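Engineer: In order, the protein sequences belong to chains A and B. Take any residue in the first sequence, count from 1 to its spot, add 13: that is its number in this note's numbering. Take any residue in the second sequence, count from 1 to its spot, add 13: that is its number in this note's numbering. Here a beta-carbon is modelled for each residue, glycine too, at the ideal position from N, C-alpha and C. Source: prediction; values computed, not measured.
2 protein chains.
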Amino acid sequence: MREKTERIVREWGDACDAEISIAVLGGAWKPSILSLLGEHDVLRFGELSRLLDEPTARVLTRQLRELEDDGLLTRTVYRQVPPKVEYRLSDLGRGSMPLVDALTSWGAGYAAHQRRELARLDPEPEGLDAVVAH
Amino acid sequence: MREKTERIVREWGDACDAEISIAVLGGAWKPSILSLLGEHDVLRFGELSRLLDEPTARVLTRQLRELEDDGLLTRTVYRQVPPKVEYRLSDLGRGSMPLVDALTSWGAGYAAHQRRELARLDPEPEGLDAVVAH
DNA sequence: GTAGATAGTGACCGAATGGATACCATGACG
DNA sequence: CGTCATGGTATCCATTCGGTCACTATCTAC
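Written out as structure tokens, the structure is:
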């Protein structure tokens, strides 16, 4: 477990269990990483990087390490050259998939709602720009 | 909408809808605030403060303003002295309750799992300390 | 001998965030 | 006149976090 997560798990009571979820899942790329591993079962570092929008190695590594420390995924290193490292979901990680899906669909609904609001309040004559995935 | 939320809603694509949810719900006290308003229907500033663990007024105000800006709750000011301000969920806020509940129950399960792990790896002879709510 | 592929690490930076402390405006009440 | 209650604001600080840039180790293939 990450030190941060451990502190939360040890010290916080039931009043804020939701914040535990957010502490664990709430990092840049983390929900996307979990979704991808839910779909692909096993992915190498480079594959993950390409499927996401190529975050810098530094950032991706940090996210993966945190998810590993928090027990959501496993990292398998093959001692060979060039290196090969595989990531896959742990049981805990698989258990988080329904929540990740819930986050995704509520977020999508929220974004759609707010985009309608924006269009209503602030109509742009230009056509919609292509929406670029993060 | 908060500027931050608007940027996310405008610029991010569907790849990371989950991160929209986290941007909106992921602040200190926010899930707790939403839960309390789900239970109590309407709460004044001071009542909220007492039901939570008395965060500083500065912090609570900021969380409430952000939730209001993001459209999850409404703020009603009665122009009287001493001041009276009521907070309640908006439709958007009510719609977030299932997600908040999902966050809470996954977080609780995760914490329980990890506490078992901690106890297994690092058995403390002392009795359990009372767990203090955040 | 040098280029390429893979999976990183280390040092650093700017912005955002939680939180502490001090202060404020108003009217009722005694 | 002074005090209390309510719902804040202003200022500041330390930490965290995403991100950039430079750098590395090792073997294979040319």
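With burial defined as no fewer than 16 other Cβ atoms inside 10 Å of the residue's Cβ, what is the status of residue 93 of chain A: buried or exposed?
Structural biologist: To locate residue 93 of chain A, count along the first sequence from 1; it is residue 80. Residue 93 of chain A is exposed by the Cβ-count criterion.
Engineer: Rounded to whole angstroms, what is the Cα-Cα separation between residue 66 of chain B and residue 83 of chain A?
Structural biologist: As a position in the second sequence, residue 66 of chain B is number 53, starting the count at 1. As a position in the first sequence, residue 83 of chain A is number 70, starting the count at 1. Distance between the alpha carbons of residue 66 of chain B and residue 83 of chain A is about 27 Å.
Engineer: Please decide whether residue 45 of chain B counts as near chain A, where near means a Cβ-Cβ distance under 8 Å.
Structural biologist: Within the second sequence, the letter at position 32 stands for residue 45 of chain B. Cβ-Cβ to chain A under 8 Å: yes for residue 45 of chain B.
Engineer: Compare the C-beta of residue 112 of chain B against all C-beta atoms of chain A and say whether one is closer than 8 Å.
Structural biologist: The residue given as residue 112 of chain B occupies position 99 in the second sequence. It does: the Cβ of residue 112 of chain B has a partner Cβ on chain A nearer than 8 Å.
Engineer: Identify the residues that DSSP records as bridge partners of residue 89 of chain A: which are they?
Structural biologist: On the first sequence, position 76 is the one that residue 89 of chain A refers to. Note: residue 89 of chain A sits in a beta bridge opposite A:99.
Engineer: So which residues on chain A does residue 37 of chain B lean against when the C-beta distance must stay under 7 Å?
Structural biologist: Position 24 of the second sequence, counted from the start, is the residue given in the question as residue 37 of chain B. In chain order: 123.
Engineer: Answer with buried or exposed for residue 129 of chain B, where buried requires no fewer than 16 other C-beta atoms within 10 angstroms of its C-beta.
Structural biologist: Reading the second sequence from its first residue, position 116 is the one you call residue 129 of chain B. Exposed, because fewer than 16 other Cβ atoms sit within 10 Å of the Cβ of residue 129 of chain B.
Engineer: So with CB distances below 8 Å, who are the chain B contacts of residue 127 of chain A?
Structural biologist: The residue you call residue 127 of chain A lines up with position 114 of the first sequence. The contacting residues are 14, 18, 19, 22 and 84.
Engineer: Strictly below 8 Å CB to CB, what residues from chain A border residue 77 of chain B?
Structural biologist: Position 64 of the second sequence, counting from 1, holds the residue named residue 77 of chain B. Chain A residues near residue 77 of chain B: none, gap ~16 Å exceeds 8 Å.
Engineer: Residue 30 of chain A: buried (16+ other C-beta within 10 angstroms of its C-beta) or exposed?
Structural biologist: For this step, residue 30 of chain A is matched to residue 17 along the first sequence. That one is buried.
Engineer: Residues of chain A with a CB under 8 Å from the CB of residue 102 of chain B: which are they?
Structural biologist: Within the second sequence, residue 102 of chain B is the residue found at index 89, counting from 1. The premise fails here: residue 102 of chain B is roughly 14 Å from chain A at the closest Cβ pair, so nothing lies under 8 Å.
Engineer: With a CB to CB cut of under 6 Å and the five nearest residues on each side skipped, what residues in its chain are close to residue 32 of chain A?
Structural biologist: The sequence position of residue 32 of chain A within the first sequence is 19, counting from 1. Nothing listed; no residue qualifies.
Engineer: Between residue 87 of chain B and chain A, is any beta-carbon pair separated by less than 8 Å?
Structural biologist: By one-based count along the second sequence, residue 87 of chain B stands at place 74. Cβ-Cβ to chain A under 8 Å: no for residue 87 of chain B.
Engineer: If you follow the alpha helix (DSSP H) that residue 75 of chain A is in, where does it begin and where does it stop?
Structural biologist: In the first sequence, counting from the first residue as 1, residue 75 of chain A sits at position 62. That run of the alpha helix (DSSP H) goes 70-82.
Engineer: Checking 8 Å against the spacing of the C-beta atoms, do residue 34 of chain B and residue 106 of chain A come in under that value?
Structural biologist: Position 21 of the second sequence, counting from 1, holds the residue named residue 34 of chain B. Position 93 of the first sequence, counting from 1, holds the residue named residue 106 of chain A. No, these two residues do not count as a Cβ contact at 8 Å.
Engineer: Residue 117 of chain B versus chain A: which residues are under 7 Å apart at the beta carbon?
Structural biologist: In the second sequence, the residue the question calls residue 117 of chain B occupies position 104. The answer, in chain order, is 30 and 31.
Engineer: What are the partner residues of residue 57 of chain B, as DSSP defines its beta bridges?
Structural biologist: In the second sequence, counting from the first residue as 1, residue 57 of chain B sits at position 44. According to DSSP, which records beta bridges pairwise, residue 57 of chain B is partnered with B:99.
Engineer: Out of A:87, A:115 and A:110, state which residue places its alpha-carbon closest to the alpha-carbon of residue 55 of chain A.
Structural biologist: On the first sequence, residue 55 of chain A is found 42 positions in, with the first residue counted as 1. Comparing Cα-Cα distances from residue 55 of chain A to each of A:87, A:115 and A:110, the minimum goes to A:87.
Engineer: Does the beta-carbon of residue 97 of chain B have 16 or more other beta-carbons within 10 angstroms, so that it is buried, or is it exposed?
Structural biologist: Translated into positions along the second sequence, residue 97 of chain B becomes position 84. Residue 97 of chain B should be labelled exposed.
Engineer: Classify residue 67 of chain A as helix, strand or coil using the three-state DSSP reduction.
Structural biologist: The sequence position of residue 67 of chain A within the first sequence is 54, counting from 1. Coil at residue 67 of chain A, not helix or strand.
Engineer: Would you mind sorting residue 91 of chain A into buried or exposed? The rule is 16 or more other CB atoms within 10 Å of its CB.
Structural biologist: Numbered from its first residue, the first sequence carries residue 91 of chain A at position 78. The residue in question, residue 91 of chain A, is exposed, as its Cβ has fewer than 16 Cβ neighbours within 10 Å.
Engineer: Does the beta-carbon of residue 44 of chain B have 16 or more other beta-carbons within 10 angstroms, so that it is buried, or is it exposed?
Structural biologist: Start at 1 with the first residue of the second sequence, and residue 44 of chain B comes out as number 31. When all chains shown are included, residue 44 of chain B counts as buried.
Engineer: Taking 8 Å as the threshold (beta carbon to beta carbon), is residue 132 of chain B in contact with chain A?
Structural biologist: The residue labelled residue 132 of chain B in the question sits at position 119 within the second sequence. By this cut-off, residue 132 of chain B is not an interface position.
Engineer: What's the call for residue 134 of chain A, buried or exposed, on a 16-neighbour Cβ count within 10 Å?
Structural biologist: On the first sequence, residue 134 of chain A is found 121 positions in, with the first residue counted as 1. Answer is exposed; the Cβ neighbour count stays below 16.
Engineer: Measuring straight from C-alpha to C-alpha, what distance separates residue 100 of chain B and residue 89 of chain A?
Structural biologist: Against the second sequence, residue 100 of chain B aligns to sequence position 87. Against the first sequence, residue 89 of chain A aligns to sequence position 76. Between residue 100 of chain B and residue 89 of chain A, the C-alpha separation is close to 49 Å.
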